[in-house]
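Visitor: Residue numbers (full-length UniProt numbering), protein chains in the order written: chain A, 1 to 511; chain B, 1 to 338. Glycine included, C-beta positions come from ideal geometry on N, C-alpha and C. Predicted, not measured: the structure shown is a model, and the values here were computed from it.
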Amino acid sequence: MTFELDRRNLLQMLGLAAVSGSVLSQASFAFAEGTDNVTIGWPSDVPTWDPNVRFVPDAQPLFKMVFDQPLDQSPDLKLIPNLITKWELKPDGLSLPFEIRSDVKFHNGDPMTMEDFKYTFVDRVKSGLKLDIANSWRTLTDIEILSRTSGVMKFSAPTPTAPQWLAFLGSYLVPKKYIEAVGAEEFGKKPVGTGPYKLVDYQMNSRIVLERNDDYFGAKPKIKRVTIDIIKDPSARTAAIQSGQVDLTVNIPVREAERLGKTDGLVAEINPFTRLILLQMRNDMGFADKAVRLAAHHAIDKAALSKAFYGGAAVPLSIPATPGTPGYIDDYKFSYDPALAKKLLADAGYTAEKPATFKLAATNGQFPSDFDIARALIQMWQKVGLKVELEQIEYSKYFELNRGGKLPEATLYSFDNATGDPEIFSGYLMNPKMPFGAWKGQEIGDKILQLFVEPVYEKRIAGYKALAKEIVDTGANIPILQSVQTLVRKKNLSYVKYGNAWVLGSTMSWT
Amino acid sequence: MFATIARLMVKRIFTAIPILFVVSALLFCILRILPVDPAAMSLPPNATVQEVEAMRREMGLDRPLYDQYSIWLGKLLHGDIGRSIHFRQDVTSLIGSTLPATIELAVIAMVVATVFGLAGGLLLFYVRGTRAEAVMDFASILLLSLPEFLWSLFLLLIFGVFFEVLPFTGRLSPGFERPVVTGFLLLDSLITGKFSSFFNALEHMILPCLALGIALSPSLMRVLRSSLMDAYQDDYIHQARLRGLSEARILIRHALKNAILPTLSLMGVQFGFLFGGTLLVEIIYSYPGMGNLMVDAIRNADLPIIQGAGLTYCVAVLVISIIVDSLYLILNPKLRAR
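1) Do K433 of chain A and T48 of chain B count as a contact pair if the criterion is CB distance below 7 Å?
2) By Cβ distance below 7 Å, which residues in the same chain neighbour A16 of chain B in space, the five residues on each side in sequence not counted?
3) Is the number of C-beta pairs between the region 374 to 393 of chain A and the region 287 to 297 of chain B that are closer than 8 Å three or more?
4) Would C29 of chain B be called buried (16 or more neighbouring beta carbons within 10 Å of its own) or exposed?
5) For Q485 of chain A, collect the residues of the same chain with a Cβ closer than 7 Å to its Cβ; drop the 5 residues on either side in sequence, then sort them by chain order.
6) Tell me whether Q60 of chain A is buried or exposed, calling it buried when 16 or more other Cβ atoms sit within 10 Å of its Cβ.
7) Helix, strand or coil for P338 of chain A per DSSP?
8) Let me see if you follow: with CB-CB separation under 7 Å, is E164 of chain B close to chain A or not?
9) Less than 7 Å between the beta carbons of G109 of chain A and N283 of chain A, yes or no?
10) Can you name the start and end residues of the beta strand (DSSP E) that G41 of chain A belongs to?
11) Using a Cβ-Cβ cutoff of less than 6 Å, which residues in the same chain neighbour G308 of chain B once the five nearest sequence positions on both sides are dropped?
12) Check for me: the beta strand (DSSP E) holding F309 of chain A runs from which residue to which?
13) Could you name the residues of chain A that G160 of chain B contacts, counting a contact when the two beta carbons are closer than 7 Å?
14) Give the range of the alpha helix (DSSP H) segment to which W381 of chain A is assigned.
15) Looking at chain A, which residues of the region 271 to 293 of chain B have a Cβ within less than 9 Å of any of its Cβ atoms?
16) I want to verify the contact list: residues of chain E whose CB lies under 8 Å from the CB of H86 of chain B, in sequence order.
17) Hey, is F168 of chain A's beta-carbon within less than 7 Å of any beta-carbon in chain B?
18) Helix, strand or coil for R63 of chain B per DSSP?
19) Taking Y202 of chain A as the reference, which of A:N52, A:V66, A:L317, A:L266 has the closest Cα?
20) If the cut is a Cβ gap below 8 Å, which residues of chain B does E400 of chain A touch?
21) Our contact map puts L212 of chain B next to T130 of chain B with C-beta atoms below 8 Å; I'd like the distance itself, whole angstroms only.
22) Taking Cβ-Cβ distances shorter than 8 Å, what residues in chain B pair up with D201 of chain A?
23) Suppose only complete runs of 4+ residues qualify. What are the alpha helix (DSSP H) ranges in the region 147 to 229 of chain A, listed by chain order?
24) What do you get for F162 of chain B, buried or exposed, if any count of 16 or more other CB atoms within 10 angstroms of its CB means buried?
25) Using DSSP with H/G/I as helix, E/B as strand and the rest coil, what is residue 514 of chain A?
26) For V127 of chain B, which residues in the same chain have their Cβ closer than 6 Å to its Cβ, ignoring the five residues on either side in sequence?
27) Helix, strand or coil: which one does DSSP assign to F116 of chain B?
28) If distances are taken between C-alpha atoms only, which option among A:K359, A:L345, A:L360 comes closest to E353 of chain A?
29) With DSSP as the reference, identify every bridge partner of R83 of chain B, one or two as the case may be.
30) Looking only at C-alpha atoms, which of A:D103, A:I378, A:D45, A:P175 sits nearest to D123 of chain A?
31) What residue does the alpha helix (DSSP H) around Q50 of chain B start on, and which one ends it?
32) Can you give the beta carbon distance from D247 of chain A to L493 of chain A, rounded, assuming they're within the 8 Å contact cut?
33) Within 7 Å of any Cβ in chain A, is that where the Cβ of L27 of chain B sits?
34) Quick one, are the C-beta atoms of G405 of chain A and R293 of chain A less than 7 Å apart?
35) Tell me whether D473 of chain A sits in a helix, a strand or coil according to DSSP, three-state version.
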């Protein structure tokens, strides 16, 4: 029997293929929808599924669905028990006795033990693996195991923020037995955690599929399957939520969020969170004169910036901390006062003929409206007689320029701190020994180093509050706004809102 | 004929070696001159300046440039492109896992560009001298002036958001099984008999391939049209008419055969550009290919990936040019006779 492929046969075959393809694919589309599933459009991927390896703030909510941290944070960012049930930092800050749960299992069925704690925070770091948590736990010398469920973290120097770091970047418990069996490389591809979801499918830069861990020790997630579509382009994320291809998405342009909020079946939120938008300052060149720095600060209308670029939702800041965090000072306000700015400049001898000049560096696209804010700042400064040149930089160049002392006088910067602790705000931003500390004044640096080892919590917080005021009063830093996260979701999908912008599938449900 | 093609391929492979060497040196030097600090980017935010300095020494960034290059080249010759700063994985494995998606995308986009380009070129030629020529000319210039990423956004809004008929994120819809054999999803879904995945993957490829293909097609149209015009000045066309052949037969069987050669050369060059064009298209359509990886690498100053991906692009362009030259030999007997 012979088969001749003529035009009619070909058309019939193509028609059949198209119909069957469409039917088959529609059949599976139906599978992807339903109240047991949710699809989230997320702007970035995890660098690797080994959660100890890299500190990437946007990846933390993804890690938190598969892994657990020793301590957790409540939506208002207070530390709460998780794998660790009891903890107490000793008054000298040199040890932290703790107790763990006895009913936690990894996704492969292995029980969580104190050995896993020791392995995660001590052994892995000492083995020479290149892990970011090695930096956060550099003072941790050992975890002494006292019993099946209790132990003591021992530090070589006072480590007052140890509890905060137990709920911060990279501090996720990993399974010793499994990693030793399969190797770190394989673990990074096929992770096993204790979290509320198991990873069932992953394609880098495209999709993460999670399925509920029915043996989870904590509150069982209501959604059985969470699909995370990695959609890096904000326009594509906007299109995805508008067309219903995802049920929730974040970080789309404010104007788009406002527009979508008026669409039937969608809800838009603009939520401030623990990320600062500020100016990292130098203490030399055009900013050697304190009057110029303060004039630059008084000239900024922060409320106008918030209204213009963040729908008025970004909170104007006077100190480098966000409202509701321990280091925030409610009654401290740095005034917007262009007249005072002009007076400060005039008193310092600057005139229209001899204006104070400096440069501002800004990224373009590193955070929403960054370059637009920079352009608006230039205009505000021009109004008080400051002559400023704008320079665009890549975020990745910031460290190199800072290292070589080549950053200009001011750099528009965004800084994330999910814990809200002031050490990670003022302490890290202003420490001249850290790679992003542009201010090289040793007076502030010395105070920070003292606070880094201050074990008494109240004293430490009071110290940071005083330091924050000093930073602003001397013009060592110009806090501008609290950053916002835009979030658009289907109206019948609810979730728990966290002060640090975590969006967790485990807190979602359909109503 | 095959011996001639084999000789050409061997010759071109030998020529490719110094090209790759020069490209690798240029790539390495340019990336080292950029004011980025891969050592700082590889460490967490709470690393001290001393730790960054130690990392810089460990990465060899404190050595002279020629030292750094010779170490890198030595490793490259042993198949070690390096380890990603951001992903902390071997660059070879990262490129290996993303390259098939990009090749699949680029090949199908090239098919789209070829179909549109040839059909459009023939149409442009067909309407020459009529009032429709001006309209077609205008349309082709309009197509030419829009870059891939604008086509991507435009098609996404029309077919993804407005009509809601085509998916535009990733390679598969949620719920579809993703077979992994070769990394080429279309091929893998056929090999494993997952036909629903095959059709769904095809659906996902329509918009990105159209965006890439449409952007490339106008130049093919215009080159084909002008080649056809040149061909129609030749004597063999008049001879064919005298022999009583139909205009359609003259166009397809005689003129097109000769006019296609410059178009083929252009397609070779365009394929190289198409590879570069996948960067933004992959980002817009969340397509997990090498373009997407490259954007991550640039954002994180991940020099090993940028170098590895740059070299891969170079190899791809060289391979394509060898294929195009071979096709040239097959289609043009005059070249074989030389």
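Guide: Inspection of the coordinates gives the following:
1) The residue given as residue 48 of chain B occupies position 48 in the second sequence. The residue given as residue 433 of chain A occupies position 433 in the first sequence. Yes, these two residues count as a Cβ contact at 7 Å.
2) Position 16 of the second sequence holds residue 16 of chain B. Contacts found: L318.
3) Of all C-beta pairs linking the region 374 to 393 of chain A to the region 287 to 297 of chain B, fewer than three are shorter than 8 Å, placing the two stretches out of contact.
4) For the purposes of this step, residue 29 of chain B is taken as residue 29 along the second sequence, with counting starting at 1. Per the 10 Å Cβ criterion, exposed.
5) Within the first sequence, the letter at position 485 stands for residue 485 of chain A. The beta carbon of Q485 of chain A lies closer than 7 Å to those of V250, N251, N271, F273, A501 in the same chain, with the five residues before and after it left out.
6) As a first step, residue 60 of chain A must be located in the first sequence, where it is residue number 60. Burial call: buried.
7) The residue labelled residue 338 of chain A in the question sits at position 338 within the first sequence. When DSSP states are grouped into helix, strand and coil, P338 of chain A belongs to the helix group.
8) For the purposes of this step, residue 164 of chain B is taken as residue 164 along the second sequence, with counting starting at 1. Flagged as an interface residue toward chain A: E164 of chain B, by a C-beta distance shorter than 7 Å.
9) Counted from its first residue, the first sequence places residue 109 of chain A at position 109. Counted from its first residue, the first sequence places residue 283 of chain A at position 283. Contact: no.
10) Counted from its first residue, the first sequence places residue 41 of chain A at position 41. That run of the beta strand (DSSP E) goes 37 to 42.
11) By one-based count along the second sequence, residue 308 of chain B stands at place 308. Answer for G308 of chain B: I81, V91, I95, listed in chain order.
12) Residue numbering aside, residue 309 of chain A sits at position 309 when the first sequence is read from its first letter. For F309 of chain A, no beta strand (DSSP E) segment is defined; the enclosing uninterrupted segment is the alpha helix (DSSP H) at 302 to 310.
13) Counting from 1 along the second sequence, the entry for residue 160 of chain B is found at position 160. Counting only Cβ-Cβ distances below 7 Å, G160 of chain B has contacts in chain A at A239, S243, in chain order.
14) Position 381 of the first sequence, counted from the first residue, corresponds to residue 381 of chain A. Here the alpha helix (DSSP H) through W381 of chain A covers 370 to 383.
15) The residues in question are L280, E282, I283, I284, Y285, S286, Y287, P288, G289, N292, L293.
16) Given the protein chain composition of this structure (A and B), no chain E is represented.
17) Within the first sequence, the letter at position 168 stands for residue 168 of chain A. At a cut-off of 7 Å between beta carbons, F168 of chain A makes no contact with chain B.
18) Position 63 of the second sequence holds residue 63 of chain B. The answer is coil: DSSP assigns R63 of chain B none of H, G, I, E or B.
19) Taking the first residue of the first sequence as position 1, residue 202 of chain A is located at position 202. Looking at the Cα atoms, A:V66 is the closest of the given residues.
20) Locating residue 400 of chain A in the first sequence gives position 400, counting from the first residue. Within chain B, the residues near E400 of chain A are P35, V36, D37, A40.
21) Stepping through the second sequence from its first residue, residue 212 of chain B is reached at position 212. Stepping through the second sequence from its first residue, residue 130 of chain B is reached at position 130. Not confirmed; about 31 Å, so no contact.
22) Here residue 201 of chain A is taken as the residue at index 201 of the first sequence, counted from 1. Residues of chain B whose Cβ lies closer than 8 Å to the Cβ of D201 of chain A are, in chain order, R178.
23) Runs of alpha helix (DSSP H) with 4 or more residues, each lying fully within the region 147 to 229 of chain A, are found at 162 to 165, 176 to 182, 184 to 189, listed in chain order.
24) One-based indexing of the second sequence puts residue 162 of chain B at position 162. Exposed, since its Cβ has fewer than 16 Cβ neighbours within 10 Å.
25) Residue 514 of chain A falls outside the range modelled here, since chain A spans only 1 to 511, and no answer is possible.
26) Here residue 127 of chain B corresponds to residue number 127 of the second sequence, with the count starting at 1. E133, M136, listed in sequence order.
27) For the purposes of this step, residue 116 of chain B is taken as the residue at position 116 of the second sequence. The answer is helix: DSSP assigns F116 of chain B an H, G or I state.
28) On the first sequence, residue 353 of chain A is found 353 positions in, with the first residue counted as 1. Ranked by Cα distance from E353 of chain A, the options A:K359, A:L345, A:L360 are led by A:L345.
29) If you number the second sequence from 1, residue 83 of chain B lands on position 83. According to DSSP, R83 of chain B bridges with B:D90.
30) The residue labelled residue 123 of chain A in the question sits at position 123 within the first sequence. If we check each option's Cα against that of D123 of chain A, A:P175 comes out closest.
31) Locating residue 50 of chain B in the second sequence gives position 50, counting from the first residue. Residues 49 to 58.
32) The residue labelled residue 247 of chain A in the question sits at position 247 within the first sequence. The residue labelled residue 493 of chain A in the question sits at position 493 within the first sequence. Contact between D247 of chain A and L493 of chain A holds, with the beta-carbon distance rounding to 5 Å and staying under 8 Å.
33) As a working mapping, residue 27 of chain B is identified with position 27 in the second sequence. Nearest CB-CB separation between L27 of chain B and chain A: not below the 7 Å threshold.
34) Locating residue 405 of chain A in the first sequence gives position 405, where the first residue counts as 1. Locating residue 293 of chain A in the first sequence gives position 293, where the first residue counts as 1. Contact flag unset, no.
35) As a first step, residue 473 of chain A is located in the first sequence; it is residue number 473 there, counting from the start. In this structure, D473 of chain A counts as helix in the three-state DSSP scheme.
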